[in-house]
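Below is one structure, written out as structure tokens; comments come after it.
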Amino acid sequence: MLSLPTETMASSNYTYEPLDDTQDEIRLIRFLSRDQDLEQGRFNPPLELSLVHVSLAARPRYHALSYVWGSSMKPDVVRIDGKATDITRNLYEALLRFHLDPTVEYLWADALCINQADNDEKALQVKKMRQIFTQATRVIAYLGTPPSGREQTVETIALRGRELILEHGWDLFASDRRGFQDPDQMPTSRFWQIFYHIAQRAHRDREFLEMIAKRWGLGSDDGGIFPHREMLYFLRRPIWTRVWIIQEFTCAKDLFLMCGLSELKFIYWIIVYWIYLQFYEWKRHSMDLGPRAAEYLSSLAALGSYTFQTVLTMQSIHQWGHMEALRKNSFTPLRELLGSIFRLGATDPRDRVFALLGIAKDAPKLGLTPNYSKSYAEVLLETAWRLVARGVFILDDSRGLKKSELAPDLPSWAPEWSLRPPQKLNPIRRETSLRFLASGHTEMITASLIEEADYSQRFLSISGISVAHVVQVGDVVDFPGPRETPQNLQRAQHFLDDLRQLSENSSVTWPPGQSTYVQEALRKIPVACRKLLRDEEMRVDDRIRTASQWQTDLPDRPEFHIWDPSLLEAEFQFLSGNQRAPAELSDSERSSWLLQNCKRYFEELHRYSDETRPMLCSGRNDVTFLGTGPREMQAGDQIFIFQGAHVPFVVRPISGGLFQVVGETYVYGMMYGEMINDLTQFEMVRLE
Numbered sequence: 136m137l138s139l140p141t142e143t144m145a146s147s148n149y150t151y152e153p154l155d156d157t158q159d160e161i162r163l164i165r166f167l168s169r170d171q172d173l174e175q176g177r178f179n180p181p182l183e184l185s186l187v188h189v190s191l192a193a194r195p196r197y198h199a200l201s202y203v204w205g206s207s208m209k210p211d212v213v214r215i216d217g218k219a220t221d222i223t224r225n226l227y228e229a230l231l232r233f234h235l236d237p238t239v240e241y242l243w244a245d246a247l248c249i250n251q252a253d254n255d256e257k258a259l260q261v262k263k264m265r266q267i268f269t270q271a272t273r274v275i276a277y278l279g280t281p282p283s284g285r286e287q288t289v290e291t292i293a294l295r296g297r298e299l300i301l302e303h304g305w306d307l308f309a310s311d312r313r314g315f316q317d318p319d320q321m322p323t324s325r326f327w328q329i330f331y332h333i334a335q336r337a338h339r340d341r342e343f344l345e346m347i348a349k350r351w352g353l354g355s356d357d358g359g360i361f362p363h364r365e366m367l368y369f370l371r372r373p374i375w376t377r378v379w380i381i382q383e384f385t386c387a388k389d390l391f392l393m394c395g396l397s398e399l400k401f402i403y404w405i406i407v408y409w410i411y412l413q414f415y416e417w418k419r420h421s422m423d424l425g426p427r428a429a430e431y432l433s434s435l436a437a438l439g440s441y442t443f444q445t446v447l448t449m450q451s452i453h454q455w456g457h458m459e460a461l462r463k464n465s466f467t468p469l470r471e472l473l474g475s476i477f478r479l480g481a482t483d484p485r486d487r488v489f490a491l492l493g494i495a496k497d498a499p500k501l502g503l504t505p506n507y508s509k510s511y512a513e514v515l516l517e518t519a520w521r522l523v524a525r526g527v528f529i530l531d532d533s534r535g536l537k538k539s540e541l542a543p544d545l546p547s548w549a550p551e552w553s554l555r556p557p558q559k560l561n562p563i564r565r566e567t568s569l570r571f572l573a574s575g576h577t578e579m580i581t582a583s584l585i586e587e588a589d590y591s592q593r594f595l596s597i598s599g600i601s602v603a604h605v606v607q608v609g610d611v612v613d614f615p616g617p618r619e620t621p622q623n624l625q626r627a628q629h630f631l632d633d634l635r636q637l638s639e640n641s642s643v644t645w646p647p648g649q650s651t652y653v654q655e656a657l658r659k660i661p662v663a664c665r666k667l668l669r670d671e672e673m674r675v676d677d678r679i680r681t682a683s684q685w686q687t688d689l690p691d692r693p694e695f696h697i698w699d700p701s702l703l704e705a706e707f708q709f710l711s712g713n714q715r716a717p718a719e720l721s722d723s724e725r726s727s728w729l730l731q732n733c734k735r736y737f738e739e740l741h742r743y744s745d746e747t748r749p750m751l752c753s754g755r756n757d758v759t760f761l762g763t764g765p766r767e768m769q770a771g772d773q774i775f776i777f778q779g780a781h782v783p784f785v786v787r788p789i790s791g792g793l794f795q796v797v798g799e800t801y802v803y804g805m806m807y808g809e810m811i812n813d814l815t816q817f818e819m820v821r822l823e
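Position in the sequence shown counted from 1, then plus 135, gives you my numbering.
And the structure:
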């Protein structure tokens with residue numbers, strides 16, 4: 136056993152030699168004095184390293200390190216080519232682990248292999264990150280040094296993950312495993328069809344999920360073979376909150392997690408995690424779970440989203456077998472990626488954009504490249520302008536009036552992708568048959584309107600028309616914590632009551648010819664109800680059927696049920712209190728009874744009405760409409776429909792004829808072009 140130093144001190148004296156970018160050069164770390172340390176059985180600080188220049192074109196063999204920088208403090212020291220250099224504790228621990236592994240001859244780690252003081256070099260090297268991680272023999276994600284005893288859990292995860300693959304996927308995908316006799320030997324990038332098969336089966340087949348859960352003891356209060364405390368330790372590792380892992384993990388041929396002295400094949404971890412996630416998602420309302428399991432479930436819901444988003448992105452790429460298939464059906468993958476990573480962070484906030492350029496298939500067309508001479512706000516503004524210049528309607532991603540500590544001066548129309556976005560009324564990938572069409576057509580703002588785009592310009596001119604102004608607003612509804620709790624059911628009921636009270640204003644005129652307007656609006660607005668525009672073919676879970684067939688064939692999918700008027704009406708009646716629970720039920724039983732009878736309606740309300748408020752707005756000829764809008768909305772704001780927009784927007788007039796974007800709005804009676812006709816005169820609106 137090698138003894139480790141408890142404390143080191145040194146100053147940084149190393150001077151970087153410039154890289155030759157024409158030769159596609161990078162630096163690699165080589166470990167010195169390894170044999171001597173292993174022979175003596177002890178480690179003699181400081182750690183001796185050398186930095187060598189190599190060309191990626193020469194296809195060198197090396198490992199690449201994925202890790203969290205951690206604190207900016209640099210309490211540890213290494214010697215690089217004889218020069219003392221201070222480094223962070225996380226990097227030091229990882230380097231020490233590789234120093235003890237004679238199979239790792241060369242290593243790439245960003246903090247040492249890139250001259251962090253040279254912004255020009257950093258920008259050039261960041262552009263090579265995809266290539267660096269793609270060509271690495273292995274990518275190692277360092278989770279840190281675990282407390283005593285937790286390395287046993289790593290071994291258990293590896294055993295059970297491998298077991299699942301052999302039993303339920305290995306023989307089904309012979310082409311993927313051609314040339315490999317054992318899962319341990321096969322690179323991670325070859326496993327994604329197997330993973331997708333097992334994940335989908337766990338999602339659809341309750342008997343399969345129960346069988347695995349029983350074998351692992353998941354329903355027990357302590358968590359069975361995967362104790363809750365140990366699993367939470369892995370989910371709480373800071374690496375899952377790091378935006379760079381999207382690219383680093385996705386590009387890896389073979390990906391391992393390193394925890395202390397133990398290594399774990401990533402695919403084993405993620406299959407075990409996915410089964411865990413599916414089981415506890417299914418059981419979250421079960422009264423069979425003990426108190427510790429229930430507490431774990433709450434933590435799992437809060438922490439799992441980080442890992443979940445990373446895995447979904449990786450699976451989207453590898454499912455199709457090549458990098459350019461990322462978000463295959465998306466017009467603008469970069470926009471979609473940026474909208475999905477708000478939970479993830481970076482030491483440098485500019486890397487929220489730069490870390491994704493290597494895997495966004497439209498990045499070259501957009502002309503975006505890393506530039507560390509610009510501020511975070513300047514990077515966001517340039518990204519927004521380049522998307523708009525390509526004809527992308529980005530107002531549904533806009534910052535609105537939300538406060539941003541990282542970019543406080545960003546214009547309201549530009550997206551701030553570090554903020555948690557509200558649920559989009561028209562998700563980017565939603566099938567066209569389910570999209571709203573508030574402007575009457577789907578043409579985006581054209582690039583010809585901004586041919587001379589100035590990427591630092593704060594004002595965006597866009598064609599639109601004012602159709603109403605906000606008269607009255609209700610309370611904001613927030614759904615904190617786990618979704619389906621008695622408290623959140625009460626919040627949903629308060630939201631319905633608020634909307635109903637707005638509808639009881641006796642001095643308003645509802646849209647003509649709609650005698651049932653209020654009745655329909657009250658039940659449709661909270662769930663952003665949409666109608667089928669046509670019975671076209673739709674892809675769901677890799678199967679193509681017509682929409683009406685899906686409605687019949689998928690009884691457990693709320694997005695298809697929500698079209699059924701009778702179901703919509705029935706579940707609304709329960710949640711709104713028009714259907715009373717049996718008198719003999721206790722309070723907790725009453726909540727369970729209510730949730731059981733309005734589950735799909737409540738889930739849709741939670742999805743589309745969270746952080747919104749009901750409102751009353753007045754349009755042309757003083758006709759009044761009901762709807763919902765962003766929490767920042769207030770009386771006096773205006774409702775605009777922009778040319779090419781799928782939904783209306785709330786905007787706020789400010790000085791000089793300018794407007795600020797507040798956010799999307801659902802207004803019943805405006806979502807399908809009702810306010811637009813052939814005589815509509817759009818005009819240019821200046822947004823700031």
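Ideal Cβ positions, reconstructed from N, Cα and C, are used throughout, including at glycine.
Taking 8 Å as the cut-off, the beta carbon of Arg766 is found no closer than this to the beta carbon of Glu739.
Restricting attention to beta strand (DSSP E) runs no shorter than 3 residues, the segment 235 to 301 encloses them at 241 to 243 and 273 to 279, ordered along the chain.
In this structure, the CA atom of Lys537 is about 29 Å from the CA atom of Arg372. Cα atoms of Gly304 and Phe361: separation of roughly 22 Å, rounded to the nearest angstrom.
Of all alpha-carbon atoms in Glu724, Arg265 and Phe401, the one lying nearest the alpha-carbon of Tyr277 is that of Phe401. Thr385 is classed as buried because its beta carbon has at least 16 other beta carbons within 10 Å across all chains shown.
Separation of the CB atoms of Phe817 and Gly599 is rounded to 6 Å, and the pair is thereby assigned contact status at 8 Å. Of the candidates Ser641, Glu416, Pro550 and His781, Glu416 places its Cα closest to the Cα of Leu353. Cβ atoms of Tyr149 and Asp253 stay farther apart than 8 Å, at about 13 Å. Nearest neighbour of Gln328 by Cα position, chosen from Ile811, Ala309, Thr815 and Phe315, turns out to be Ala309. Under the three-state reduction of DSSP, His781 is assigned to coil, being neither helix nor strand. Where Gly808 is concerned, there is no enclosing alpha helix (DSSP H), because DSSP gives it neither an H nor an E.
Taking 8 Å as the cut-off, the beta carbon of Ile381 is found closer than this to the beta carbon of Leu491. The C-beta separation of Cys394 from Pro281 comes to about 5 Å, placing the pair in contact by the 8 Å criterion. Going by DSSP, Glu655 is part of the alpha helix (DSSP H) stretching over Tyr652 to Lys659. In its chain, beyond the 5 residues on either side, Gly599, Ser601, Phe784 and Val786 have a beta carbon closer than 6 Å to the beta carbon of Phe775.
Non-local C-beta neighbours of Ile406 in its own chain, meaning closer than 8 Å and more than five positions away in sequence, comprise Gly296, Leu299, Ile300, Phe330, Ile333 and Ala334, ordered along the chain. Using a Cβ distance threshold of 8 Å, Tyr241 and Ile164 count as a contacting pair. By the neighbour-count definition (other C-beta atoms within 10 Å, threshold 16), Ile660 is a buried residue. Just so you know, the alpha carbons of Asp532 and Val782 end up roughly 12 Å apart. Using a 10 angstroms sphere on the CB of Val187, the tally of other CB atoms stays under 16, which defines it as exposed. Between Met750 and Thr759, the C-beta gap is not smaller than 8 Å, which leaves the two residues out of contact.
Between the alpha carbons of Leu191 and Glu398 lies a gap of roughly 27 Å. Taking a contact to require three or more Cβ pairs closer than 8 Å, the segment 233 to 248 and the segment 152 to 164 qualify as touching. Excluding sequence positions up to five before and after Asn561, its CB lies within less than 8 Å of the CB of Asp531, Arg570, Phe571, His781 and Val782, all in the same chain and listed in chain order.
In this structure, Ser591 sits near Glu513, with a CB-CB distance shorter than 8 Å.
8 Å or more divides the Cβ of Gly535 from the Cβ of Val802. Here the alpha carbons of Arg265 and Val523 stand approximately 26 Å from one another. For Pro181, there is no enclosing alpha helix (DSSP H), as DSSP gives it neither H nor E. Here Glu365 carries a helix assignment [DSSP, helix/strand/coil]. Within its own chain, the residues whose Cβ lies closer than 8 Å to the Cβ of Ser168, once the five positions on either side in sequence are excluded, are Asn179 and Glu183, listed in chain order. Across the structure, Asp544 and Val203 are spaced so that their CA atoms are roughly 29 Å apart.
The beta carbon of Phe794 lies closer than 8 Å to those of Gln773, Phe775, Val786, Arg787, Pro788, Val820, Arg821, Leu822 and Glu823 in the same chain, with the five residues before and after it left out. Judged by DSSP secondary structure, Thr747 falls within the beta strand (DSSP E) whose first and last residues are Thr747 to Gly754. The residues Asn623, Arg626, His741 and Asp745, in chain order, have a CB closer than 7 Å to that of Phe614 in the same chain once the five nearest residues on each side in sequence are set aside. DSSP places Leu822 inside the beta strand (DSSP E), whose first and last residues are Glu818 to Leu822.
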